[in-house]
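Take a look at the structure below.
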Amino acid sequence: ESAALPARTPDRTVRFQLTGGMARYDWAFNGRPYKASERYPVRAGERVRLVFANATDMWHPLHLHGHTFALSSAEGAPRKDTAVIL
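With my numbering, the residue at position 28 of the sequence shown is 30, and numbering never jumps.
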């Protein structure tokens, strides 16, 4: 059973470009190597639109830890916890 999130305008938008790749397993965001210690704080109750663009030659699954999210291009579809970035 899916649970719909209420429609609401995002409080802000954060853009990420997926760079790097699988050849050397050097995934990066916006040209900077991924670090598990790097955080992008979100305040309780804040709605943030995350926009991902894939600049690599391959698709990559992506999910967020500790947050509820919905795919804006999948309205009416069940919520998922993983999105494939093409």
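The C-beta atom is built at its ideal place from N, Cα and C for all residues, glycine as well.
- Pairing M24 with E48, the inter-Cα distance amounts to about 33 angstroms.
- Counting other Cβ atoms within 10 Å of its Cβ, L20 reaches 16 or more and is therefore classed as buried.
- Annotation: W29 to T84 spans about 17 angstroms, alpha carbon to alpha carbon.
- Beta-carbon to beta-carbon, T58 and G22 are separated by about 7 angstroms, close enough to satisfy the 8 angstroms threshold.
- By a beta-carbon distance limit of 8 angstroms, P12 contacts R51. Their separation comes to about 4 angstroms.
- Separation of R10 and P35 (C-alpha to C-alpha, rounded to the nearest whole angstrom) is 32 angstroms.
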